[in-house]
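In terms of my numbering, the sequence shown opens at residue 44 and continues consecutively.
Backbone N, C-alpha and C fix where the C-beta goes; we use that ideal spot for every residue, glycine too.
Since the structure comes first, as structure tokens, the remarks are kept for the end.
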Amino acid sequence: MAPLLLLAFVLSAQDKPPEKCSLSGTVVNSVTGEPLNKVDLVLVPTERSNRIAAVTSSDSEGRFTMVDLDPGSYHLTGKRNGYLDTAYGARRPEGDGTVLRLEAGHGLPELKLKLMPFGVIAGVVRDSDGEPLNGAHVTVARLTYEYGKPRVQGYGDTETDDLGQYRLRGLPPGKYYVGVKPNGDREATRVDHSSGKAAAEGPVPTVYPGSADASLAAPIEVATGARVSGIDIKMARVRCYTVSGRVATGAGAGAPAAYITLRGQERGMELDVALSTTTRNANGDFELRGVPPGRYQLAATRGGSEVAVVPLEVAGNLEGVRAVLGKGAQVKAGMVMEGGGRVKPERFQVFLTVNGQSGYFLEAEGDQFATQNNVVPDRYEVQVERLAAGTYVKSIRSGDTDVLNDGLTIAPGGTVQFEITLASDAAKVEGTVTNQSDQPGPGATVVLVPEPKFRARGDLFKTATTDQYGHFEFATVAPGEYKVFAWDDVEPGIWNDPEFLKEHEKKGAAVTAGAKGHETVKVKM
44 MAPLLLLAFV LSAQDKPPEK CSLSGTVVNS VTGEPLNKVD LVLVPTERSN
94 RIAAVTSSDS EGRFTMVDLD PGSYHLTGKR NGYLDTAYGA RRPEGDGTVL
144 RLEAGHGLPE LKLKLMPFGV IAGVVRDSDG EPLNGAHVTV ARLTYEYGKP
194 RVQGYGDTET DDLGQYRLRG LPPGKYYVGV KPNGDREATR VDHSSGKAAA
244 EGPVPTVYPG SADASLAAPI EVATGARVSG IDIKMARVRC YTVSGRVATG
294 AGAGAPAAYI TLRGQERGME LDVALSTTTR NANGDFELRG VPPGRYQLAA
344 TRGGSEVAVV PLEVAGNLEG VRAVLGKGAQ VKAGMVMEGG GRVKPERFQV
394 FLTVNGQSGY FLEAEGDQFA TQNNVVPDRY EVQVERLAAG TYVKSIRSGD
444 TDVLNDGLTI APGGTVQFEI TLASDAAKVE GTVTNQSDQP GPGATVVLVP
494 EPKFRARGDL FKTATTDQYG HFEFATVAPG EYKVFAWDDV EPGIWNDPEF
544 LKEHEKKGAA VTAGAKGHET VKVKM
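Set out below in structure tokens:
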């Protein structure tokens with residue numbers, strides 16, 4: 044009987060679930076150190092397979108406790124009105140914070156979560172006569188870097204009230220730019236039916252402190268929790284012009300019921316001028332009034348399948364602009380595994396984009412992807428998302444073109460095809476971060492950067508945050524040469540700036556990721 048009892052004991056021990064875990068701590072204001080009550084605490088597993096969140100809230104003394112937690116890795120975030128959502132251990136509100144690893148039967152006591160109060164920019168918008176402007180569209184933007192190039196990216200927006208007042212809230216510390224569009228500038232279609240000629244001058248998008256030239260925007264420094272008021276803007280007025288012409292079919296006939304959009308190409312900050320109208324007769328004639336000087340792209344569409352794109356430089360009245368409609372391009376893509384067969388596209392997402400934000404999704408059609416509408420001619424980046432763990436994009440090719448490095452140039456009409464090759468021989472790179480005293484660096488930002496010739500490829504950059512032991516891990520790394528950098532506090536995305544990386548190049552730890560390799564590296568902050 045003894046062997047049977049022993050077997051029963053072993054089976055019982057194997058069936059016993061792992062012991063639960065707990066954590067506790069205090070939430071405080073990161074600026075004053077004051078304990079915060081009514082903070083919603085959210086604990087989310089880092090593993091994608093388990094996204095069930097555990098929640099609680101802080102008491103009147105800012106204390107909180109969570110019990111009956113499964114062992115594993117987590118991110119802890121605090122949320123409260125008047126404060127930015129802040130992760131435990133994050134130096135900045137955009138950061139993921141320190142990964143918390145809970146071990147079976149153990150607890151993490153005395154955690155201190157520092158919630159950051161948000162900043163505010165406020166002011167008044169007035170027209171050129173000094174009157175408050177109601178309903179003006181105000182945007183706030185920050186300088187970011189994407190694929191090694193600087194880009195001013197919108198961070199939030201609002202509208203002025205009847206007194207011309209605006210308030211942009213929820214801002215993390217940083218440097219911002221504020222701009223404003225005249226009210227009515229966001230209307231979908233604007234057709235000027237005024238008698239006579241267009242006004243000689245008109246209001247145009249304006250950046251603080253009051254210029255129509257976005258390059259002259261003055262930066263506004265916002266400290267943690269700061270309320271920056273008095274950012275008043277007087278709308279600029281410039282001489283405006285008329286752009287007129289005709290939309291025609293490929294056969295030369297006029298194109299009635301065509302939709303025309305004139306969009307600026309140089310201001311940024313989501314302040315590009317956008318005017319639109321429709322052809323006004325059977326000849327396909329159109330006219331756009333009140334166009335400020337600058338570089339534009341005129342796009343004409345009809346019926347969802349015909350398109351024309353004409354670049355324009357407006358420095359005076361433009362007459363006789365001709366836009367000839369043609370079929371937009373149809374884009375199709377196949378997907379294969381390296382050394383294997385075709386891949387069914389259902390669970391993947393393929394996106395064509397010019398600016399990283401707007402663009403065209405390719406939908407699954409049988410064993411390939413295809414656009415559901417015609418694509419406007421331009422140069423596009425191709426992004427592939429929802430890849431399985433351990434799988435990466437090996438190459439994207441359209442004929443002789445290396446799309447990952449050179450982009451995908453789409454001309455009018457016809458069908459553009461490319462093929463995506465996936466590989467499953469990704470490497471794993473992990474390691475530890477230490478400070479100058481050789482102590483573990485919890486909550487550090489770790490960035491895996493490809494060798495210089497591949498730094499225009501955003502898909503090869505990887506980021507992670509160290510856990511409470513200073514450990515980090517990159518689970519899916521395409522084979523190649525890399526450097527690993529670690530910072531205690533760094534502006535998100537600044538590593539995409541080539542000049543920034545050049546300053547820190549010598550501090551990176553070199554690592555070679557071999558196919559299906561498992562590399563370990565030690566990085567100094």
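#1: Give a yes or no on whether the C-beta atoms belonging to residue 71 and residue 77 are separated by under 8 Å.
#2: When you compare the region 316-328 with the region 258-278, are there three or more beta-carbon pairs, one atom per stretch, that lie closer than 8 Å?
#3: Drop a sphere of 10 angstroms on the beta-carbon of residue 229, count the other beta-carbons inside from all chains shown, and report buried for 16 or more, exposed for fewer.
#4: For the region 430-444 and the region 479-495, state whether three or more C-beta atom pairs, one from each stretch, are separated by less than 8 Å.
#5: Reducing DSSP to helix, strand and coil, say where residue 446 ends up.
#6: For residue 545, which of helix, strand or coil comes out of DSSP?
#7: Identify whether residue 72 lies in helix, strand or coil by the three-state DSSP scheme.
#8: How is the beta strand (DSSP E) around residue 318 delimited, first residue to last?
#9: Where in the region 296-380 do unbroken runs of the beta strand (DSSP E), each at least 3 residues long, occur, reported from the N-terminal end onward?
#10: Using a Cβ-Cβ cut-off of 6 Å (strictly less than) and excluding sequence neighbours within five positions of residue 260, which residues of its own chain qualify?
#11: DSSP three-state call for residue 495: helix, strand or coil?
#12: DSSP three-state call for residue 96: helix, strand or coil?
#13: Where does the unbroken beta strand (DSSP E) through residue 561 begin, and where does it stop?
#14: Counting only the same chain and skipping the five closest in sequence on each side, list residues whose C-beta sits under 6 Å from that of residue 552.
#15: Straight-line CA distance for residue 121 to residue 211?
#16: Residues bridged to residue 465 by DSSP?
#17: Are there 16 or more other CB atoms within 10 angstroms of the CB of residue 448, so buried, or fewer, so exposed?
#18: Would the region 539-553 count as touching the region 506-517 if we require 3 or more Cβ pairs under 8 Å?
#19: Please name the residue, chosen from 539, 531 and 163, that lies closest to residue 215 on a Cα-to-Cα basis.
#20: CB residue 127 to CB residue 213, shorter than 8 Å?
#21: Check whether the region 166-180 and the region 194-213 are in contact - that is, three or more C-beta pairs closer than 8 Å.
#22: Could you check whether the region 97-109 touches the region 498-508, counting it as contact only if at least three pairs of C-beta atoms, one from each stretch, sit closer than 8 Å?
#23: Taking the alpha-carbon of residue 616 as reference, which of 466, 410 and 538 has the nearest alpha-carbon?
#24: Quick check: residue 422 and residue 384, are their CB atoms within less than 8 Å of each other?
#25: By Cβ distance below 7 Å, which residues in the same chain neighbour residue 619 in space, the five residues on each side in sequence not counted?
#26: Among 156, 89 and 147, whose alpha-carbon lies nearest the alpha-carbon of residue 108?
#27: When the Cα atoms are used, what is the spatial distance from residue 39 to residue 248?
#28: Any idea which residues DSSP pairs residue 430 with across the strands?
#29: Given residue 561, which residues of its chain have a CB within under 6 Å of its CB, disregarding the five upstream and five downstream residues?
#30: Which residue's Cα is closest to the Cα of residue 409: 376, 418 and 301?
#31: Smallest Cα separation from residue 201: which of 225, 356, 88 and 319?
#32: Would residue 207 pass as a contact of residue 177 if the rule is Cβ separation under 8 Å?
#33: With C-beta atoms as the reference, is residue 73 less than 8 Å away from residue 159?
#34: To the nearest angstrom, how far is it from the Cα of residue 412 to the Cα of residue 153?
#35: Quick one: complete alpha helix (DSSP H) runs, 4+ long, within the region 159-193?
#36: Under 7 Å Cβ to Cβ from residue 533, same chain only, skipping five residues before and after it: list those, please.
Quick answer:
#1: Yes, they are a contact pair.
#2: No, they do not touch.
#3: Residue confidence for residue 229 is low, a pLDDT of 48 falling below 50, so the modelled location carries little weight; the figure read from the coordinates is stated next. Exposed, because fewer than 16 other Cβ atoms sit within 10 Å of the Cβ of residue 229.
#4: Taking one beta carbon from each stretch, the region 430-444 and the region 479-495 have fewer than 3 pairs nearer than 8 Å; the two do not touch.
#5: It is helical.
#6: Note: residue 545 maps to helix in three-state DSSP.
#7: Residue state for residue 72 is assigned as strand, using DSSP reduced to three classes.
#8: Note, residue 318: beta strand (DSSP E), 317-321.
#9: Restricted to the region 296-380, the beta strand (DSSP E) segments that are unbroken, complete and at least 3 residues in length are 302-307, 317-321, 328-334, 337-345, 349-357, 361-367 and 373-380, listed in chain order.
#10: Same-chain partners within the cutoff: 220 and 250.
#11: Residue state, collapsed to three classes: helix.
#12: In this structure, residue 96 counts as coil in the three-state DSSP scheme.
#13: 561-567 is the span of the beta strand (DSSP E), which, as asked, contains residue 561.
#14: The residues 527, 564 and 566, in chain order, have a CB closer than 6 Å to that of residue 552 in the same chain once the five nearest residues on each side in sequence are set aside.
#15: Answer to the nearest angstrom: the Cα atoms are 22 Å apart.
#16: Under DSSP, residue 465 takes part in a beta bridge, and its partners are 380 and 436.
#17: Exposed: under 16 other Cβ atoms inside 10 Å.
#18: Touching, no, given that fewer than three Cβ pairs across the two stretches are closer than 8 Å.
#19: When each option's Cα is compared against that of residue 215, the closest is 163.
#20: Using a Cβ distance threshold of 8 Å, residue 127 and residue 213 count as a contacting pair.
#21: Yes, they touch.
#22: No: fewer than three Cβ pairs fall under 8 Å.
#23: With the chain covering 44 to 568 only, the question about residue 616 has no answer from this structure.
#24: Their beta carbons are not under 8 Å apart, which means residue 422 does not touch residue 384 by this criterion.
#25: No statement about residue 619 is possible, as the shown extent of the chain runs from 44 to 568 and does not include it.
#26: Nearest option by C-alpha distance: 156.
#27: Lying outside 44 to 568, the shown extent of the chain, residue 39 is not represented and no answer is given.
#28: Its beta-bridge partners do not exist; DSSP assigns none.
#29: Here the set comprises 471.
#30: Considering only alpha carbons, the answer is 376.
#31: Minimum Cα distance to residue 201 is reached at 225.
#32: Yes. Within cutoff.
#33: At the C-beta level, residue 73 and residue 159 come within 8 Å of one another.
#34: So the two alpha carbons sit approximately 51 Å from each other.
#35: Here no run is fully enclosed.
#36: Once the five neighbours on either side are set aside, the close Cβ partners of residue 533 are 488.
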